[in-house]
Amino acid sequence: MRLFNAVRGGLSAGHPVSGTAALTGGAFVVIALLVLVPLANIAVELISDAGLEAVWDVFAGRIAENMLWRPLANTFAIGFAVALACVALGGVLAWLVTMTDLPLRRWIGVLAALPFMIPTFAVALAWTVVFADDRLGVDAAGMLVHLGVPVPAWLAWGGVPVALALIAHLYAIAYLMIASALVTVGRDLTAAAEIAGASRTRILRAIVFPVVTPSLIAAGALCFAEAVSSFSAPAILGLPVRFHTLATRAYGAIETGSPERGYVLITVMVVTAALFLALAAVLQRRGQSFATIGAQGGRRGRMALGRWRWPLAVAALSTVAATTILPTLVLLLSSVSTASGNPFATLTTHYWIGAADPAVAQGQAGILNNPQLVRATLVTLGVGLATGIAALAAALVVGLAIGRLRGGFLAGTLQQLAFLPLLIPGLAIGAACIGFYGAPIGPLPSLYGTPAILVIAGVAATLPFAVQSVVAARAQIAPTLEDSARVTGASPPRILAAITLPLALPKLIAGFVLVFVKMVRDLDLVILLYTPQLPLLTVIAFRYASDGFAQFAHAVTVVILLVSVLAHLAATGLGRAAQPWLRD
Amino acid sequence: MEPAIRLTGLTKRYGDHAALDGIDLTIERGDFCVLLGPSGCGKSTLLRLLAGLEPPTSGRIELNGARVADVAAGVAVPPGPRDLGMVFQGYALWPHKTVAGNIGWPLQVAGLDAAARRARVSAVAALLEVDAYLDRYPGTLSGGQQQRVAIARCIAPEPGLLLLDEPLSNLDAQLRVEMRAELLRVHRETGATVVHVTHDQVEALTMASRIVVMNRGRIEQCDAPQAILDAPKTAFVAGFLGNPPANLVTAHPDPFWHIAGVALRSPPVAGWGQPVRLMVRPERVVLHREAGQHRLPGRFIEALPLGGRRLVSVAGPFGRISAIAADWPASRYGDPVHVELPADPDAVFAADGQRIA
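Quick mapping for you: the protein sequence lines, in order, are chains G and X.
Just so we're aligned, residue 39 is where the first sequence starts under my numbering, counting upward by one.
Just so we're aligned, residue 28 is where the second sequence starts under my numbering, counting upward by one.
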C-alpha cells in the first residue's frame, strides 16, 4: 500500500518514478539471479528423492557419524576457539593501540590490519613448511624436524594448526571492529565521566565495557562464521590426517559424485554461520562492522603502561610480523629451496624459472616457464577484473536503488538481501552456482567450465562489499552538488558523468580493488567451479600442495600475494590520481 | 507584463507534515524579494519548488507567465528550461572542478562554444573579483571566496531569476556585510529577479524591495520592508521583525480589561470579549522606580546600551517587556521596576494572531 501510494504520488507529481521503479526492479532481479535463485535451487535439490535420501543418510545413516557429527564437532570446536582467540588477541591489540601510550602505536595500528590481506591458505601452507612432521615422507617434513626439534602430531596437523592459521588471518577483523568501537569511547565518553569524578575502574566498568561489548560480540560472531565456513585451512592442514570439517566433507562429497550429501552439509554450514551472525546483528547494528580506522585516539586519557611499554610493543609487533611478513618469507624461502622445509637444502631458481627436467618434480618446469601457469595468471587476472567490473555494475544498480528509495521497507529489504552473501560460505556459493548455472537453463547453455560461472559466483560472493562501497560513495556526495547541476539544465546522464561519477570514483576504485583482490586470492569460492581448461592460481597452488609439489605451491602463492599487494598499491595511487583537487 | 513569479495554492507535504500550506504569491520582475522566517517555516522548500528540484503536492507555479508546475494539469517542467540560477546554502561548489570549471560548466551545458565560454567566465569572474583564482580548486578557497564563486557560477548563464538559499549564513559577520552589498550590486547590474531566503531580519530589511514573512508553511505578510515594520498584519510578524522587536503583551477582558491584574486605562478594542495581544514599541514604554496606578510591577533583568540610550528588559507576570529609556540608573538583577504602557497600543491582535486594531 505504501509502495502504491508512493508510486501514485510520484506519478501525479510528474517525478521520475519510472526510473526508480526500473532501478528497484533491476536491483531485485540482480540479487535474485546472483543469490536467491541458486540458493533456492539447492533447497529444491534437497527435497527431491535423492535429496531426501541424502538428508537421511547424512543425519541418521550409517555414515552420519563420519559424514556429519564428527566434522560438525570439529567445526564447532574450531569456530569457538578461533572466535575467542581473535576477540582476545584483536581486543588486546585494539586496547593497546587506542587507549594506551604504547610506543609505535600508529605503526602497529596500521600493520595490525594487514593480516587480513594474507589469505588463510597462504598461512596454512607456510605452517606446513615449518611444522610438518615426517608422516608424508621426509621430503615433506618441516624445518623443525630438519633442525632436530620433535614436533608433536597435534601441532603438525589437525585442529590446532587449522585454528591457528584461521586466527592469524581473522584477528585483524576483530582488531578493526573493536578498535573502531574503542575510538568512540576514548574521545568523548570518558571525558564526561572523568569530569564527573569517576575512578578509572569505574569508567572501564560503567562506560568502556558497555560501549565495546557489542563490538566484541559482533567480532566474535563474524570470526566464528568465517572460521566454520573456511575450506582452505582444514583442506591443507587437516586432510593429510583425515581431520574433517563440514567444509572439507561437503567438498569431498560433491567431488566424489554425491552432490546431494554435499548440499546437506552446506545447508548445515549456512544455517550455522547465519545463526551466529543473526545473533550478533541483534546485539549490534550493521555497518559499523566494516568501519576501518587509523590508530589515532584522543591525546588525553591514555593509560600509561610504565615499564611494560616496550615489552608490549615488541610483543604486538612480533604478533603482527608473525602473521604477515613471516609466512610470506617462509613461502618465498621454500620456493627457492631444493627441499621445501629443509633449512640445509641448497637454493635453486628451478621452481621459478627452471626448464622442465625429468629429474626434478616429475618434469615440471619452473612456474614462470610453465605455460599452464602463465595461462592461470592471465585467467585469474581476467576473472578478477571481470568480477570487479561486474560486481561494481551490479552494486551500482542495487546501491542506486537503495539511494533512490530513501529508506522505507523496500530499501531496507534490498539492503538486507545485498548483505545476505556475508552469511553464506564461499564453498556454498560455489556449490549453489554450479547447481543452478552448471546445467542448461531453458535455451541457455550450461555455464560450467566457462569464465562466466566464475564471475557470477564472484559477484554473488563480493556483492556486500561492492554495495557497501557504492552506498559509501553516494553518502559522501552532498545532494546539493547534484541539485546545483540539475538547475543548470543538464540531463541526468550528463550529471552522472560530469559530477557524480568523478566524485564517487575514489570509493568505487577502492571497492573494485577489494573485489579484485578477494577474487584473486580466493580458494573456497572457486574450488568447485575450477576446470583444467580454466586454471586459477589459487586452485593450482592448492593442487600442487596436495600433490606434494610444495615449492611450486609456495611460488604460486607468493605470486598471488604479490598481485594482491600490487593491486592495493595501484588502488592507492589511482585513488590519489582520481582526486587532483585534494593535492593543492 | 507578466509577473516574474506567480504562485497559486502551492502546497508541499512530506507525509502528514505540510511544509508549504496553500501559498499564493506574486513577485514582479526586477524585485529583490526576501523570504524571511524561522527555520522550518518552509522558505527553503518554497525555493526548491521554484527551482523545480522537487514537485509540489498541489498548486501552480508560473514563471514569466509560463506554467512550469501545475499539479492539476500534470505540468512539471524540469529545472533546466526554467531559466534560473541558484546559490545553495554551503555553496555546493563541485569540489573536483576548478573555479573556472565551476563557472564554465553551466555554460557548457547551455551549449556555448569554448571561446564564448572563456569570455563569459572571465567577465563574471572579474565582476565577482575571483579572476585570480580561476585555476584553483574550491577546497583551497576561503569561505568568502567560495561564496563569490558560487554567485559567479549562478549568474554566468544570465538567468532571469536568481534563487539564493541562505547564501550568507556560513560567513562571519564582517564578510556578511560585504557580501550583502555585493549581492545588491549583482542584482543591479544583472537586472534579474532575486528570491533570497534568510532567517536574518537585518539581511531582509537592508536588501529587500519586498519581504515575504513566512511561518509554519504559510505567508504571514508580504510587503515592502518599511510597511512590514510600520503595519505588521499578524502578531507573528510584529514579534519577529523590528530592532529591537516590539513588545507583545496579553490583555484579558474579564471582569475589566487588565494585564496580569493591572487595569488598563481604556479598552484596547471596542466590543471584543476575548483576550488580545497588545503590540507596544519599546520607545513608547515608560519605566518607573515607584509604583502607581496602571503601572505593571516587574523586576529588572538587563540593560543594553543602544545608540546613546538604553534598552531595558523587565520581567513580570505579564511576560517580558523591553523599553528604551533615555537614562536608567545602575540596577541589579531583580530590582523592582514599574512599567507604564501607553493608553493606545501600536496594534492589537486577536488570539489567533490576526490584527484587529
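A virtual CB, placed ideally from N, CA and C, is assigned to each residue, including glycine.
Note that the structure is predicted; figures quoted are calculated from it, not measured.
Annotation: SER358(X) to GLN381(X) spans about 37 Å, alpha carbon to alpha carbon.
Contact with chain G is absent for ALA127(X), since none of that chain's Cβ atoms lies less than 8 Å from the residue's Cβ. DSSP places PHE59(X) inside the beta strand (DSSP E), whose first and last residues are 59 to 63. By the CB criterion at 8 Å, SER253(G) and LEU204(G) fall outside the cutoff. Neighbourhood of ARG524(G) in chain X, by CB distance below 7 Å: LEU80 and PRO106, in chain order.
For ASN197(X), no beta strand (DSSP E) run applies, since DSSP gives it neither H nor E. Between ALA428(G) and VAL493(G), the C-beta gap is smaller than 8 Å, which places the two residues in contact.
A Cβ-Cβ separation of about 17 Å leaves HIS207(G) out of contact with VAL167(G) under the 8 Å criterion. For THR136(G), the enclosing alpha helix (DSSP H) stretches over residues 108 to 137. Sixteen is the threshold: since fewer than 16 other Cβ atoms of the shown chains lie within 10 Å of the Cβ of ASN270(X), the residue is exposed.
Separation of PRO76(G) and LEU370(G) (C-alpha to C-alpha, rounded to the nearest whole angstrom) is 39 Å. Rounded to whole angstroms, LEU543(G) and GLN514(G) show a C-alpha spacing of 11 Å. For the pair LEU111(X) and ARG33(X), the Cα-to-Cα distance works out to about 15 Å.
Bridge partners of PHE376(X) according to DSSP: ARG304(X) and ARG382(X). Look at ASP87(G) here: in three-state DSSP terms it is helix. Spanning the alpha carbons of ALA499(G) and CYS68(X) requires a straight line of approximately 48 Å. Non-local beta-carbon contacts of LEU458(G) in its own chain, meaning distances under 7 Å to residues more than five positions away in sequence, involve VAL73 in chain order. Interface annotation, TYR41(X): not in contact with chain G, CB-CB separation never under 8 Å. Put simply, the CB of ILE537(G) is near chain X, with a gap under 8 Å to one of its CB atoms. Burial state of PHE263(X) is buried, judged by a 10 Å Cβ sphere holding 16 or more other Cβ atoms. A Cβ-Cβ separation of about 6 Å places PRO573(G) in contact with VAL417(G) under the 8 Å criterion.
About 5 Å separates the beta carbon of GLY468(G) from that of ALA495(G), a gap short enough to meet the 8 Å contact definition. Cβ-Cβ separation between GLY258(G) and VAL125(G): approximately 5 Å, consistent with a contact (criterion under 8 Å). A distance below 7 Å between beta-carbons, with the five flanking residues on each side excluded, links ALA132(G) to the following residues of its chain, in chain order: TYR213, ILE216, ALA217 and LEU220. For PRO194(X), the nearest beta carbon of chain G is not closer than 8 Å to its own beta carbon.
Taking 8 Å as the threshold, the shortest C-beta distance from PRO531(G) to chain X does not fall below it. DSSP places LYS124(X) outside both helix and strand once states are collapsed to three, so it counts as coil. From the beta-carbon of ALA45(X), no residue of chain G is found nearer than 7 Å; the closest lies around 14 Å away. Considering only ARG311(X), PRO324(X) and LEU305(X), the residue with the shortest C-alpha distance to VAL289(X) is PRO324(X). In summary, PRO372(X) is buried, with 16 or more beta-carbon neighbours lying within 10 Å of its beta-carbon over all protein chains present. Interface residue (Cβ-Cβ distance to chain G less than 8 Å): ALA287(X) is not classified as such. Here the segment 599 to 614 of chain G does not lie against the segment 50 to 60 of chain X, with fewer than 3 beta-carbon pairs under 8 Å apart.
In the DSSP assignment, SER85(X) falls outside any alpha helix (DSSP H) and within the unbroken beta strand (DSSP E) covering 85 to 90.
Any Cβ of chain G closer than 8 Å to the Cβ of ALA370(X) would place that residue at the interface, and such an atom is absent.
Residues of chain G whose Cβ lies closer than 7 Å to the Cβ of PHE263(X) do not exist, since the nearest Cβ in that chain is about 29 Å away. By DSSP's assignment, SER349(X) forms a beta bridge with SER340(X).
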